[in-house]
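Have a look at the structure below before the remarks.
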Amino acid sequence: MIKRNQLILGNKNLKDITDDICLPVETFPSKGWVALFLSAKSLLIFYVVILGLVIANGMGLLGVNHPNGWGTMIITFVFWIGIGHAGTLISAILFLFRQKWRTSVARTAEAMTVFAVMTAGLFPLLHTGRPWLDFWLFPYPNQRGPLWVNFRSPLLWDVFAVSTYATVSIVFWYIGLVPDFATIKDRAKNKVRKIVYGALSLGWRGTARNWSHYEMLYLLLAGLSTPLVLSVHTIVSFDFAVASLPGWHTTIFPPYFVAGAIFSGFAMVVTLMTLVRIGYPQFKDYITIDHMEVMNKIIMATGLMVGYAYASEFFIAWYSGNMYERYVFINRAFGPYGWSYWIMVCCNVIIPQVFWFKKIRRSIPLMFIVSIFVNIGMWFERYVITITSLHRDFLPSNWGQYAWSFFDGAILFGSFGMFLTLFLLYLRLVPAVSIAEIKPVLNVGRDNPAGPQGQGGHAHG
Amino acid sequence: MAKKKRYGGYAGIFTDEAKVVEAARKIKSLGFLKFDAISPYPIHGMEEACGIPRSPIPYVTFGAGLFGMSFGLWLTWWTSAVNWPLNVGGKPFFSLAAFIPIIFELTILFAALTSVGALFYFCRLPQIDPPVIDPDLTCSKFAIFVPENDVGYDEAKLAQVFREMGAVETKKVAEF
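Here it is as C-alpha cells:
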C-alpha cells in the first residue's frame, strides 16, 4: 500500500493544535502584521476616496466610452469573483470528494472567497453609474406599474447568482467557525474576549447530538455550494456569451470561465498561504509543503484547461467560417491590444508549465512568483475578453480604443486595499485553520498514531 | 429558541477518543437514555455508540429547496407574464428557459438558509452562556454526561463505570 504523507507535522497533540491555531487571536500582533495592516488600510482609504470621486463625478472618470461600454469595473469584478471560486472549491467540492488535505487550507480559502466576493460585488453596483438607485436591481412591489425587473437578462441572473453566492458563502464560513469560537471562548482569560467570542459561538457546547446535526448540515451546505459555485461563474460568463458580439458569443464560455476562476483562485490561495506561512511560522506544520504542492498541481491542471480553451477559441473562430469572428481573434492576438493577449498567454499558459518539475512545485519563493504571474495573467484574460471584443465590432465606423485613465488604475489597485485589509483583520481575529476540523485528521499518515499519552491533556493541560 | 430545562447530573472526563466512544457504548448498554457525549470535534462512530438517530435536516433542506424552486417559478411567471407583461425582443412572456438561472439560485438560497435555521432549531441555538462541564471539552478532553433525571441514575455506580472505562476525572455537575 502506498504510504500517505503526514497531514500535520511536528507530532502534535490536541492541546498543541488548539494552542498553535489560537495564538494569533490571543496575542498582540507582530510588527510585520501592523506594518502590513497600516499599508493595506492606507490603500483602502485611497480606494474609498477614489470611489467617492467616481460616484460624485460619474463613470466618465474611467476609460469607458463608445464602443467600450465595459471597462475596468467589469474586468475587475470578474477577476475578484473568479478568485472567490477556489475557496468554495476547496471548502465544498474537495469536502465532497473526501480530500483530507483540504482541512488545513479550507478556512483561509473560504475567508478569501468571502472577501473577494465582497470586493467584487461593489463593482457592478458602481458601474451602474447611479449606485443610489441600485435597489432597482431587485424585484420588489413598487408604484411604477409595478414595473418588475427583466428576468430574461443575464445581468439580472448575475444579481441573483452573486448575491446568493455571497450569502451562502458567508453562512457556510460562519457555521464552520462556530465550534472554533466556542474553543476560544472556553480558553479566554480576558473578559471581553470571553463575551465577544461567546456571543459568536452561539452557545455551542459540542454534544454528540449537536455534532450529528452539525455534520449533516455541513455536508448539505457543501452539496448546495458545489452546484452554486459552478453556476455563479457560468452566469458571469453568460453576461458575455449571451450578447451577440463576436469574441463573446461562444458556447465554450461557461466551462472556460469556471476553469479560469479556479485557476486564478488557487493562485491567490498560494500567494496568501506563502505569506501566512512566513507571518505565522507555527502554521508551517499545518499548511505543509505537501499542501502547497497539491495546490500547485491544481494550478497547472487548470492552467492547461485554460490554455486549451484559448486554442479552441482560435480553432472555432477559423472553423466557423464567420469573418467577424475570425477577425476578432486575429485582431486579439495581433491588433492594437495584442500585447495584452501575449501577457495573458505567457502568464497563464507558459509560466505555470514550470510546475512539471517537482523541485519548483515545492519551492516557496518560486511558487509565490508563479502565483503572482497567474494573478496578473488572469486579470489580463478578462481585460482581453472585454476590451478586444468590444473595441472593434461589426462596423469599422464603430471602432475605438479604451481610454485608460488614472482612475482605472486607482480602482484596480485600491480594490486590493479593501481585500487585504479584510484578510489581515481575519488573520488577527479568527482562527485561520479550522481547529475542530483539523483534529480528526491528526493521525493521517502517522506511523505511531497518537495514543492516550500523545493525545491526552495530562502532560500539557 | 425554546428553552429546555437544565438538569444537573454526573460526568466522566476522558482524554482518549477511543475510550470515550467505548464508555458511551457501555453507558448505553446499561440502559441510560438521556446521556450525551461532549467532544471538541465530531468523533467517528459516536452516533452509533450513543444511539443517536440520523439527523432530519436533509428533509428540511429538500422541502425548502422545493419551496424555493416553486417560489422562483411563481415569481418569474407572475411578474413577467401576469402582473405587468412586457414584450422584450419578441420573446414569450413566460420564457421558462431564461428563468431557470433565477429559479436555480432561489432554490439554493432557500435550501441553504432554511437548513441553517433547522440546525439552530434542532441544536437549540443560540444559547446565552450555557453551563460548561469543563473548559477543556472544546480543546483536548472528552466527556460523558448523564442527567439526574435519567432512568437508573446512581452517582456511585456511574463513578465506578466511568473509572472502569478509563475516565481521568469524574464529577458532579450542578447544571448542564
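Chains as they are written, first to last, in the numbering used here: chain A, 39 to 499; chain B, 735 to 910. Here a beta-carbon is modelled for each residue, glycine too, at the ideal position from N, C-alpha and C.
- B/ALA771 is bridged by DSSP to B/ILE878.
- Judged by their CB atoms, B/ALA771 and B/ALA758 are nearer to each other than the 7 Å cut-off.
- Residues of the segment 853-870 of chain B that bring their beta carbon within less than 7 Å of a beta carbon in chain A comprise LEU853, PHE856, CYS857, LEU859, PRO860, GLN861, ILE862, ASP863, PRO864, VAL866, PRO869, ASP870, in sequence order.
- In the displayed model, A/TYR464 falls within a helix according to three-state DSSP.
- Between B/TYR775 and A/LYS477, the beta carbon gap of about 4 Å places them in contact (Cβ cut-off 8 Å).
- Residues of the segment 242-261 of chain A whose Cβ lies closer than 8 Å to any Cβ of chain B, in chain order: TRP242, ARG243, GLY244, THR245, ALA246, ARG247, ASN248, TRP249, SER250, HIS251, TYR252, GLU253, MET254, LEU255, LEU258, LEU259.
- Residue pairing from DSSP places B/ALA745 in a beta bridge opposite B/PHE879, B/LYS905.
- The beta carbon of A/TRP186 falls within 7 Å of a beta carbon belonging to chain B, placing the residue at that interface.
- For A/MET343, the enclosing alpha helix (DSSP H) covers residues 327-357.
- Only residues of its own chain outside the window of five on either side were considered, and among them ALA199, TYR203 have a CB closer than 6 Å to the CB of A/VAL270, listed in chain order.
- At a cut-off of 7 Å, the C-beta of A/ARG140 has no neighbouring C-beta in chain B.
- Around A/ALA147, the same chain offers ALA124, GLY125, ILE128, SER129, VAL307 as residues with beta carbons nearer than 7 Å, after the five sequence neighbours per side are excluded.
- Between B/LEU767 and chain A, the shortest Cβ-Cβ separation is not below 7 Å.
- Apart from sequence neighbours up to five positions away, the residues of its chain that approach A/TYR294 with a beta-carbon distance below 6 Å are ALA347, ordered along the chain.
- In the displayed model, A/THR288 falls within coil according to three-state DSSP, outside both helix and strand.
- Against chain B, a Cβ distance below 9 Å from A/ASN43 picks out nothing, because the smallest value is about 21 Å.
- Comparing alpha carbon positions, the residue from A/THR312, A/VAL366, A/ILE425 closest to A/PHE406 is A/THR312.
- Closer than 9 Å at the C-beta level to chain A, one finds these residues of the segment 774-789 of chain B: PRO774, TYR775, PRO776, ILE777, HIS778, MET780, GLU781, ALA783, CYS784, ILE786, PRO787, ARG788, SER789.
- Taking a beta-carbon distance threshold of 7 Å, A/VAL308 does not count as an interface residue toward chain B.
- Partner residues in a beta bridge of B/THR810, as assigned by DSSP, do not exist.
- Within 9 Å of the CB of A/SER269, the CB atoms of chain B belong to PRO835, PHE838, GLU839, ILE842, in sequence order along the chain.
- In the DSSP assignment, A/LEU266 falls within the alpha helix (DSSP H) that extends over 246-279.
- Chain-order list of chain B residues neighbouring A/GLY122: empty, with the shortest C-beta distance near 16 Å, by a criterion of under 8 Å.
- The beta carbon of B/PHE879 is closer than 7 Å to those of GLY743, ALA745, PHE769, ASP770, ILE772, ILE867, VAL907, PHE910 in its chain, skipping five residues each way along the sequence.
- Inclusion of A/ILE425 and A/THR221 in the CB contact set at 7 Å is not warranted, their separation being larger than that value.
- Remark: fewer than three beta-carbon pairs, one from each stretch, lie closer than 8 Å, so the segment 804-820 of chain B and the segment 212-221 of chain A are not flagged as touching.
- Look at the beta carbons and you see the segment 413-433 of chain A touching the segment 382-399 of chain A: at least three pairs across the two are nearer than 8 Å.
- When DSSP states are grouped into helix, strand and coil, B/PHE828 belongs to the coil group.
- Excluding its 5 nearest sequence neighbours in each direction, A/ILE273 has C-beta neighbours in its own chain below 6 Å: TRP195, ASP196, ALA199, listed in chain order.
- Flagged as an interface residue toward chain B: A/ALA474, by a C-beta distance shorter than 7 Å.
- Shown here, A/ASP54 sits in a helix according to DSSP, grouped into three states.
- In this structure, the beta-carbon distance from A/ILE88 to A/ALA441 does not fall below 7 Å.
- Residue environment analysis places A/HIS329 among the buried positions, since at least 16 neighbouring C-beta atoms fall within 10 angstroms of its C-beta.
- The Cβ atoms of B/LEU853 and A/LEU255 sit closer than 7 Å to each other.
- A distance below 7 Å between beta-carbons, with the five flanking residues on each side excluded, links A/PHE278 to the following residues of its chain, in chain order: TRP286, PHE291, ILE423.
- Collapsing the DSSP output to three states places B/CYS857 in coil.
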